[in-house]
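Working notes, beginning with the structure itself.
There are 2 protein chains.
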Amino acid sequence: MKIGELAARTRVAPRLIRYYEQQGLLVAARADNGYRTYTDDHVERVGRIAGLVQAGIPTRLVKVLLDAEDRAARDEPTCPKEVAEQLAAELGPIEERIACLTRSRDTIRGFLERTRHEVVLREADAGHPA
Amino acid sequence: MKIGELAARTRVAPRLIRYYEQQGLLVAARADNGYRTYTDDHVERVGRIAGLVQAGIPTRLVKVLLDAEDRAARDEPTCPKEVAEQLAAELGPIEERIACLTRSRDTIRGFLERTRHEVVLREADAGHPA
DNA sequence: CTAAACTCTCACATTAATGTCAATGTCAAG
DNA sequence: CTTGACATTGACATTAATGTGAGAGTTTAG
């Protein structure tokens with residue numbers, strides 16, 4: 000598929016897909032005409048990249064992470080010591096982010112539950128007003 | 000306490016603490032001399048702000064979130080419909096971020112486990128080489 | 001064949017979060 | 001009282017992620 004379809008499927012702007020490629024997070028084959036061509040695998044890859052970037056992971060680290068995932072997927076647990084150190088250094092901050100977001104998620108859920116009840120009550124009132 | 004201590008305790012630069020205040024995420028009392036003064040509560044607050052910002056939540060939304068948490072803490076489940084909508088809109092993206100980060104966390108953990116084993120093995124080899 | 005829709009590259013603008021520096025004021029210790 | 005550490009404000013710089021537009025080639029539908 001071409002970049003437009005990939006963009007549509009991932010809801011990531013073509014501009015960004017090219018940017019991610021430029022940052023080395025993504026490799027795209029080229030058709031004879033120079034157009035980038037992608038496979039279904041790229042859909043997941045781009046989604047993952049965008050997710051991590053939106054979660055505040057800078058592209059430089061996203062690269063390290065995805066490289067690690069790629070190796071894991073290929074059952075290649077070998078990983079240069081230096082990379083392992085980078086990963087280890089990221090673990091803490093990532094866990095903090097998860098904790099922070101989880102807490103906010105729970106807060107929001109709590110609010111929405113109560114709000115939904117209120118709405119229901121209000122609708123009930125509207126249904127049979129005094 | 001003054002801004003320096005708060006910065007040290009939260010590991011957030013004074014520059015940013017002031018920035019967060021300017022964005023309305025934080026209210027600081029002022030001493031007679033104009034110095035900002037903080038309480039212990041601010042330590043947690045600033046930590047939370049920094050955590051969310053680093054998790055990719057823009058300050059504008061952090062404000063909405065923290066306002067909600069404040070209300071929840073005060074048992075004030077009332078919340079303008081408009082705010083509830085904003086919260087609802089954030090929920091999805093936040094969950095995605097959590098999912099993304101969680102996956103990366105697991106990948107990293109897996110790697111580190113295996114790496115640790117390798118290191119141990121290598122050390123063992125070093126201990127009694129052929 | 002032609003027009004519209006896509007693609008390419010390149011350049012420039014923007015936004016948010018942050019760093020940095022300068023000029024000034026305050027405070028605490030010697 | 002002076003010096004050094006810290007605070008204040010304000011201006012300016014930077015970085016990363018993104019938006020935007022131009023100019024040129026490609027493809028597809030009519």
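Sequences listed follow chains F and G, in order.
Residue numbering for the first sequence is 0 to 129, as defined by numbering that gives the first Met the number 0.
Residue numbering for the second sequence is 0 to 129, as defined by numbering that gives the first Met the number 0.
We treat Cβ as the ideally placed atom computed from N, Cα and C, and that holds for glycine.
Residue span of the alpha helix (DSSP H) that contains Gly46(G), given as start and end:
Counting from one through the second sequence, the residue named residue 46(G) turns up at place 47. Here the alpha helix (DSSP H) through Gly46(G) covers 39-53.
Under the rule that 16 or more other beta-carbon atoms within 10 Å means buried, what is Glu131(G), buried or exposed?
Outside the displayed range of chain G (0 to 129) lies residue 131(G), so it cannot be described from this structure.
When you compare the CB positions of Arg29(G) and Thr36(G), do they come within less than 8 Å of one another, or not?
In the second sequence, residue 29(G) corresponds to position 30, counting from 1. In the second sequence, residue 36(G) corresponds to position 37, counting from 1. A contact, by the Cβ cut-off of 8 Å.
Proximity winner among Leu24(G), Lys1(G), Tyr18(G), relative to Asp39(G) (alpha-carbon distances):
Within the second sequence, numbered from 1, the residue matching residue 39(G) stands at position 40. Cα-wise, what sits closest to Asp39(G) is Lys1(G).
Can you confirm whether the stretch 75-88 of chain F touches the stretch 56-65 of chain G when touching is taken to mean that 3 or more C-beta pairs between the two stretches lie within less than 8 Å?
no
So, is the C-beta of Arg104(G) closer than 8 Å to a C-beta in chain F?
As a working note, residue 104(G) is residue 105 in the second sequence. Chain F, which has a Cβ nearer than 8 Å to the Cβ of Arg104(G), makes this yes.
Work out the CA separation of Glu20(G) and Ala7(G) for me, nearest whole Å.
Numbered from its first residue, the second sequence carries residue 7(G) at position 8. Numbered from its first residue, the second sequence carries residue 20(G) at position 21. Computed Cα separation, rounded: 17 Å.
For Leu100(G), tell me which candidate among Leu64(F), Ala83(F), Val82(F), Thr106(F) has the shortest Cα-Cα distance.
Position 101 of the second sequence holds residue 100(G). Checked all of Leu64(F), Ala83(F), Val82(F), Thr106(F); the closest Cα to Leu100(G) is Leu64(F).
Kindly say whether Ala129(G), judged by its beta-carbon, lies nearer than 8 Å to any beta-carbon of chain F.
Taking the first residue of the second sequence as position 1, residue 129(G) is located at position 130. With a pLDDT of 42 at Ala129(G), under the threshold of 50, the modelled position of this residue cannot be trusted, and the question is left open.
So, is the C-beta of Leu15(F) closer than 8 Å to a C-beta in chain G?
To locate residue 15(F), count along the first sequence from 1; it is residue 16. It does not: the Cβ of Leu15(F) has no partner Cβ on chain G nearer than 8 Å.
In terms of alpha-carbon separation, which member of Val26(F), Gln22(F), His41(F) lies closest to Arg10(F)?
As a working mapping, residue 10(F) is identified with position 11 in the first sequence. Nearest option by C-alpha distance: His41(F).
Using the Cβ count rule (16 or more neighbours within 10 Å means buried), how would you classify Gly33(F)?
Mapped onto the first sequence, residue 33(F) falls at position 34. Exposed: under 16 other Cβ atoms inside 10 Å.
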